[in-house]
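Numbering (the working numbering), first residue to last: 16 to 102. Heads up, the beta-carbon is just placed ideally off N, CA and C, and yes, glycines get one too. What you are looking at is a predicted structure, and each value in this text was computed from that prediction instead of being measured.
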């Protein structure tokens with residue numbers, strides 16, 4: 016455990032960020048899972064609606080630097096490709 020005042024503050028900040036990032040990453044996983052389930056059910060309309068929500072969550076996470084912006088773009092592109100394969 017840190018002893019200096021600044022190091023203690025840094026530790027508190029890192030715990031807050033970690034909690035915030037975990038929430039965001041869980042939300043990403045759940046929205047992407049919803050898209051994949053819709054794809055497995057061969058429901059194009061449902062998959063596109065779920066993708067719209069997933070894109071929003073991924074873009075927000077990339078904007079907040081939870082994930083890298085290219086990773087967000089790559090995930091969206093792969094989900095979109097899977098949906099296009101259905102249609």
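Going by C-alpha positions, residue 84 is about 22 Å away from residue 62. Nearest in C-alpha terms to residue 75, of all of 60, 91, 64, is 91. Cβ-Cβ distances below 8 Å link residue 19 to nothing in the same chain once the five nearest sequence neighbours on each side are left out. Annotated three-state conformation of residue 87 is helix, per DSSP.
In the structure shown, the three-state DSSP call for residue 50 is helix.
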